[in-house]
Amino acid sequence: MIENSKITFREMRKDDLDSVMVIDHLSFQMPWPESAYRHDLMNNANAILWVAEKHSDDKGGIVVGMIDVWLVQEEAHIATLAIHPDYRGHGIAAGLLRKVLFESFQLGARRAMLEVRASNHAAQTLYKDFGFKVVSRRRRYYRDNNEDALLMNLDNLEELVYRKDEISAERTDNNQKLSDVNSVWRGEE
Ligand SMILES: CC(C)(COP(=O)(O)OP(=O)(O)OC[C@H]1O[C@@H](n2cnc3c(N)ncnc32)[C@H](O)[C@@H]1OP(=O)(O)O)[C@@H](O)C(=O)NCCC(=O)NCCS
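Residue numbers (our numbering): 201 to 389.
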């Protein structure tokens, strides 16, 4: 699916919103309204919004994932993160998360937190790879099905930022260039 292509990360722009809304609707049972992304993009100085972009020779760049993080003093709250279903399983979420946690650290965050559905094992596994730990459960948090939320915390962002290993770094399948994901996140490009 992402054969002969390259993934990069950059800050979200207004003209990404159509693609972001498609990914949001394909990814969540309770999608955000476009106004929520627009507000964070235009009016929320504490929001960090980034996208993952897939580049190919024939189609140019297309947005395949996004993340929105709110900085509250020393805490980075991961408000949303999603990858287009056609592009999952290639390390893109890991690369995007890493990039934005690094950015948050540079802006003063020292901890990170998020809520995740109790049934969302894929996301929980991703966050655990980064060192997030489940610290509490919010009963019947999600209004659509009364599902519980798990609250996950990462207490030492600095440790993650200076970790030497690469989380979900280089995959060998599909001839993809996910080494680029990690070089971009480290600012080598
Ligand atoms: C969760 C989500 C963002 C992961 O995106 P992705 O690009 O496919 O994830 P990655 O390929 O970067 O995977 C990184 C790690 O996450 C974990 N992971 C990802 N998908 C997984 C799955 N289906 N099952 C189990 N673990 C999974 C693995 O530990 C994986 O590392 P590995 O491949 O080395 O085992 C994506 O499935 C998604 O958009 N889901 C819908 C929206 C959502 O749930 N967002 C999170 C809200 S809290």
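From the three backbone atoms N, C-alpha and C, an ideal C-beta is built for every residue, glycine too.
Sequence-distant Cβ neighbours of Ser304 in its own chain, meaning closer than 8 Å and more than five residues away, are Ile248, Val269, Leu271, Ala276, Ala312 and Leu357. The shortest CA-to-CA distance from Asp344 to any of Pro231, Leu351 and Asp216 is the one to Pro231. Of Val334, Leu350 and Phe332, the smallest CA-CA separation from Arg340 is found for Leu350. Under the DSSP assignment, His255 falls in the beta strand (DSSP E) whose first and last residues are Ala247 to Ser256.
Distances from the alpha-carbon of Arg288 to those of Leu307, Gly308 and Ser227 put Ser227 closest. Counting along the chain, no alpha helix (DSSP H) covers Ala309, and no H or E run does either. Rounded to whole angstroms, the separation of the alpha carbons of Asn353 and Phe332 is 5 Å. Partner residues in the beta bridge of Glu211, as assigned by DSSP, are Trp250.
For Trp250, the closest C-alpha among the options Gly260, Ser205 and Ile267 is that of Ile267. For Val264, the CB contacts under 6 Å within the same chain, skipping 5 residues up- and downstream, are Ala252, Lys254, His284 and Tyr287 in chain order. In the structure shown, the three-state DSSP call for Asp224 is helix. Between Asp348 and Ala318, the gap from beta carbon to beta carbon is short of 9 Å.
Gly260 counts as exposed, since fewer than 16 other C-beta atoms from the protein chains shown sit within 10 angstroms of its C-beta.
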